[in-house]
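Down below is the structure, laid out as structure tokens.
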Amino acid sequence: MTVLATVRPHSWDLAVFVHVAGAMILMGGLVTAAGAGLIGWRDTAGGLRRLSALTLFALALPGWIIMRVGAEWAYSKEGWDDVPDKLQPTWLGIGYITADAGGIILLVALILGGIGVRRARSGGGAGLLKASTVLAAVLIAVYVVTVWAMGGKPN
Amino acid sequence: MTFYAWMLALHLLAAFSIAAALTLYSVMVVVGRRTDSPEQRQLLFRLAPIGTPLIGVGSVLALILGVILAIDSNRFEIWDGWVIAAIVLWALFAAVGARTGKYYDAVQKLAEEGGEGAQQEAAARLRASTGALLHLGTLLVFVLILLDMIFKPGA
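Chains as they are written, first to last, in my numbering: chain A, 622 to 776; chain B, 55 to 209.
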């Protein structure tokens, strides 16, 4: 599969580019959100915690959508639609499971962050914003494994 | 997994590390233009230490692992046009990135000085287009490298 990936036809390139660009925006959004949330963990004003939640909305969510659209496009271009599930390689399964499970975790983080930002206006919401930060950090770990699997293509 | 697959996976992780740092810096550039108090600026600059190791280690590893991949591959050679283009773009990326870093390091020093004049100067430099344009240039070169890596023109 590594050989296939490195010498893929040029007609697949745009779909792969969209997938990788989306994944990079997603990872960047998660790193920024987790970083801001952790650095601002003990701040009384909570400015960095709010920035953390807003970054998830403004970067990680669009990044996830672009990554997922690119993944489906590349999947179809590469002809995996015609391959039975049992014969599909492990790395593809890792990609699907982590992208979709990660999407659910991201959704929970967004909801917690959204409520947290709303409550922060009246001085509360710190716990929710911290929970959102923790989920962003968990997602970074999940997606590091995914990037490794997409690059190394273990089977 | 083969040696080549490991190198490719780590090369990809290094590229994601750079992308994460660039996303973090983008957030800092955008938010920095809107800050209106010394406290906000100092809070924002607390995020900078997250990006430094990500972009430093990521850039060096991406280059070294990329060269190893080109040497190890029986499909590509280090003197292929797209590989040479990537190395040239990497050097350009490092040069523009270093210039951008220098600009914002100076702004951070001013923001941390605390005097009225220094704070006004820090605010003015954050709002000036120089830093944002330098950062945009760094981003643009990174996207060109990504396009070159995926489309492999001439391969």
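Positions of the beta carbon are idealized from the N, C-alpha and C atoms, including for glycine.
Query                                                                                                                                                                                   : Result
Anything in chain A within Cβ reach of VAL85 (chain B), meaning under 8 Å, just list it in chain order.                                                                                 : LEU672
Using the beta-carbon of each residue, which ones in chain B are nearer than 9 Å to LYS751 (chain A)?                                                                                   : Those do not exist, as LYS751 (chain A) stays about 17 Å from chain B at its closest Cβ, beyond 9 Å.
Using the three-state DSSP reduction, which class does THR719 (chain A) fall into: helix, strand or coil?                                                                               : helix
State the CB to CB distance for the pair VAL111 (chain B) and SER71 (chain B), rounded to an integer number of angstroms; the pair is presumed to be in contact (CB under 8 Å).         : 7 Å
List the whole-angstrom C-beta distance separating PHE99 (chain B) from GLN162 (chain B), where the pair is believed to meet the contact cut-off of C-beta under 8 Å.                   : 5 Å
Between LEU625 (chain A) and chain B, is any beta-carbon pair separated by less than 8 Å?                                                                                               : Residue placement at LEU625 (chain A) cannot be trusted, given a pLDDT of 44 that sits under 50; what the coordinates show is reported in the next sentence. Not an interface residue.
Are the CB atoms of LEU682 (chain A) and LEU731 (chain A) within a distance shorter than 8 Å?                                                                                           : yes
Taking C-beta to C-beta, are LEU651 (chain A) and GLY661 (chain A) nearer than 8 Å?                                                                                                     : no
Could you give the DSSP three-state label for TRP769 (chain A): helix, strand or coil?                                                                                                  : helix
In three-state terms, what does DSSP make of ARG740 (chain A)?                                                                                                                          : helix
What residues in its chain sit with their C-beta under 6 Å from that of ASP126 (chain B), if we drop five residues either side in the sequence?                                         : TYR58
Write down every uninterrupted run of the alpha helix (DSSP H) in the region 60-128 of chain B whose length is 4 residues or greater and which is fully enclosed by it, in chain order. : 92-99 and 102-126
Assuming GLY643 (chain A) contacts GLY684 (chain A) (C-beta within less than 8 Å), just tell me the rounded distance between them.                                                      : 5 Å
Against ARG100 (chain B), what residues of chain A qualify as contacts under a CB-to-CB distance less than 7 Å, listed in chain order?                                                  : ILE660
Tell me the DSSP secondary structure of ASP703 (chain A) in three-state form.                                                                                                           : helix
Are the beta-carbon atoms belonging to ILE199 (chain B) and ALA140 (chain B) less than 8 Å from one another?                                                                            : yes
Please name the residue in B:HIS65, B:MET61, B:GLY168 and B:THR106 whose C-alpha comes closest to that of ALA75 (chain B).                                                              : B:THR106
Which residue's Cα is closest to the Cα of SER743 (chain A): A:GLY656, A:ARG689, A:GLY773 and A:GLY667?                                                                                 : A:GLY667
Whole-angstrom Cβ separation of THR120 (chain B) and HIS65 (chain B), contact assumed at under 8 Å?                                                                                     : Checking the sequence shown, residue 120 (chain B) turns out to be Gly, not Thr. Rounded, the Cβ-Cβ distance is 6 Å, consistent with contact.
Please check if any C-beta of chain B sits within less than 8 Å of the C-beta of MET688 (chain A).                                                                                      : no
Within its chain, find whatever has a CB closer than 6 Å to the CB of LEU108 (chain B); leave out the 5 residues flanking it on each side and keep chain order.                         : SER71, ALA74 and ALA75
According to DSSP, simplified to helix, strand and coil, what is THR56 (chain B)?                                                                                                       : coil
Which one of A:VAL759, A:GLY746, A:HIS640 and A:TRP769 has the shortest CA to CA distance from MET688 (chain A)?                                                                        : A:HIS640
Express the C-alpha separation of VAL704 (chain A) and GLY734 (chain A) in angstroms, rounding to a whole number.                                                                       : 40 Å
Spatial neighbours of ILE761 (chain A) within its chain, please: CB distance less than 8 Å, with the 5 preceding and 5 following residues excluded, ordered by chain position.          : MET648, LEU651, VAL652 and ALA655
Can you name the start and end residues of the alpha helix (DSSP H) that ASP134 (chain B) belongs to?                                                                                   : Looking at the DSSP string, ASP134 (chain B) is not in any alpha helix (DSSP H), and its letter there is neither H nor E.
Under three-state DSSP, which class holds PHE205 (chain B)?                                                                                                                             : helix
Identify the continuous alpha helix (DSSP H) that holds HIS640 (chain A) and give its terminal residues.                                                                                : 634-660
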